[in-house]
Amino acid sequence: MAQLKLIVADQDEKYIQRLAAYLRNHKEYSKLDVKYFSDKDALGEYIGAYHDIDVILSDHSFDEVVESGNQGLTLQLVNEIKDEINEESVIYKYQPIGKMMQEIINYYYARNKNIDKKSNQLKDMRMITCLSASGGTGKTVLASNLAASFASKGYRTLYLSLEMIPSTLLMFNSQQHTKPCPLFYYLKTKPNDLEDNLEELIMSDPHTGIHYFPILPSAEEMLELEPENLTKLIDVLAKVKLFDYVIFDLDTAIISKIESLFDRSNRILWVLNNDHFSFYKSRILCEELKRMYKNPNLTDHVMFILNRNINVGAKELEQYDLPIEHKLPYIPDWKNVVKPISLLKNTVFAKEISNLVTRLEREIL
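Take the sequence shown: its letters are residues 1 to 365, numbered as in UniProt numbering.
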């Protein structure tokens with residue numbers, strides 16, 4: 001990451017001192033050029049003299065000064081955590097400082113449409129495909145949380161939904177995005193131009209650091225995808241080396257077109273509910289896929305994951321011969337209507353996802 005020039009302005013001098021001490025003692029922030037201000041006049045003089053400021057993080061008392069002179073990204077530092085956790089350009093003051101700094105960096109790269117090249121930088125891209133044989137298993141919640149967990153560890157992570165009606169814009173609070181993303185246009189009509197234009201098609205979520213294509217929902221466009229289109233996309237993603245992990249969120253409606261995903265994914269995460277319908281359909285689909293692609297080993301790198309685990313009924317479901325390798329907890333709060341972004345904020349679920357990520361890191365290196 002190039003040196004990022006950051007101003008932090010807060011009237012609470014003790015907070016400023018604590019933040020400065022933290023950043024001094026953590027080498028990962030050595031490339032940040034940070035200036036601290038607790039006085040409005042001093043801040044006004046500084047931003048009047050210097051115009052190459054990347055980010056200003058300030059509480060509301062500095063608004064007038066910041067608005068009069070700032071040419072960079074402005075973020076609001078707030079004391080109180082509100083329900084509107086997806087509010088744009090807001091950073092919460094009383095959270096772990098490491099998490100706060102990552103949010104600031106994510107906002108900066110999201111605004112400048114660049115992908116942060118500072119990462120664990122795996123030698124080769126890793127692909128993980130999330131799949132389920134029936135609806136309502138929580139596959140998309142798993143896939144997006146998985147992407148968020150990899151991103152939180154410093155990996156450049158791309159989330160790509162191949163669902164008939166993708167939830168991407170809803171999940172990342174981008175419903176206001178109405179401009180068509182030409183990803184499928186390039187894949188279908190100008191595949192040789194995709195590599196040169198790929199980075200311009202990608203957006204970044206400032207809250208999680210996840211990268212994604214802002215694809216507008218279109219079942220027709222998804223059904224028109226051909227196997228060679230997906231193969232081309234995978235080839236380009238692997239060649240440009242922008243990402244360490246790519247998480248595919250798959251729809252069974254296009255299952256006949258995704259042999260390349262099965263062949264090239266490092267792991268297939270097959271999500272099941274704790275019921276007969278989910279297990280029965282999964283058992284049948286496994287056999288169908290092997291016959292369809294004439295490959296008895298097609299599902300060898302599948303990991304079956306039981307979602308909404310409540311530790312009952314496991315014995316009865318053993319008849320389907322689907323070995324469960326990981327279990328995700330049932331989250332009672334999600335019975336109620338919640339904002340999609342909050343599905344990425346549950347600490348109990350995130351902890352279990354983190355355990356899964358640690359396992360995947362170890363197994364697919």
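Idealized CB from N, CA, C, for every residue including glycine.
Query, Result
"Within the region 196 to 235, ranges of the alpha helix (DSSP H) (whole runs, at least 4 residues)", "219 to 223"
"Assigned secondary structure, residue 34 (DSSP; H/G/I helix, E/B strand, else coil)", "strand"
"Three-state secondary structure (DSSP) of residue 129", "strand"
"Residue 232 vs residue 191 beta-carbon contact at 8 Å", "yes"
"Whole-Å CB distance - residue 43 paired with residue 65, under 8 Å assumed", "5 Å"
"Beta-carbon proximity list for residue 298, same chain, < 6 Å, skipping 5 on both sides", "262, 289, 290"
"Opening and closing residue of the beta strand (DSSP E) in which residue 281 lies", "Residue 281 -> not in any beta strand (DSSP E); alpha helix (DSSP H) instead, spanning 276 to 292."
"Residue 295 in three-state terms, based on DSSP", "coil"
"Best match in 140, 20, 62, 178 for proximity to residue 247 [C-alpha to C-alpha]", "140"
"Residue 129 burial status per 10 Å Cβ neighbour count (16 or more: buried)", "buried"
"Other residues of its chain near residue 9: CB distance less than 6 Å, five sequence neighbours each side excluded", "37, 43, 58, 62"
"The alpha helix (DSSP H) enclosing residue 264, as first and last residue numbers", "259 to 264"
"Cα-Cα separation between residue 333 and residue 47, rounded to whole angstroms", "45 Å"
"Rounded separation between residue 99 and residue 152 - CA only", "8 Å"
"Segment contact, 8 Å Cβ cut-off, at least three pairs: the region 262 to 279 with the region 147 to 163", "no"
"Delimiting residues of the alpha helix (DSSP H) encompassing residue 47", "40 to 49"
"Alpha-carbon to alpha-carbon, residue 80 and residue 34", "24 Å"
"Classification of residue 189 by the beta-carbon crowding that lies within 10 angstroms, buried from 16 upward", "exposed"
"Short Cβ contact (8 Å threshold) for residue 221 with residue 184", "yes"
"Per-residue burial, residue 236 [other beta carbons within 10 Å of its own, 16 or more giving buried]", "buried"
"Where residue 356 falls: helix, strand or coil (DSSP)", "helix"
"Exposed unless 16 or more other CB atoms sit within 10 angstroms - verdict on residue 161", "buried"
"Boundaries of the alpha helix (DSSP H) in which residue 11 is found, first to last residue", "Here residue 11 belongs to no alpha helix (DSSP H), and DSSP marks it neither H nor E."
"Closest by C-alpha distance to residue 353, when choosing among 32, 266, 148", "148"
"Residue closest to residue 55, alpha-carbon to alpha-carbon, out of 323, 91, 178", "91"
"Which residues DSSP lists as bridging residue 301, in chain order", "In DSSP, residue 301 forms no bridge with anything."
"Residue 74 versus residue 89 - alpha carbon distance", "7 Å"
"Residue environment, residue 215, which counts as buried when at least 16 other CB atoms sit within 10 Å", "buried"
"Other residues of its chain near residue 86: CB distance less than 6 Å, five sequence neighbours each side excluded", "Because residue 86 carries a pLDDT of 46, less than 50, the predicted location of this residue cannot be relied on, and no value is offered for it."
"Assigned exposure category for residue 143 - 16 Cβ within 10 Å defines buried", "buried"
"Rounded separation between residue 295 and residue 212 - CA only", "31 Å"
"Opening and closing residue of the beta strand (DSSP E) in which residue 141 lies", "Taken as a continuous stretch (DSSP letters only), residue 141 belongs to no beta strand (DSSP E), being part of the alpha helix (DSSP H) at 139 to 152."
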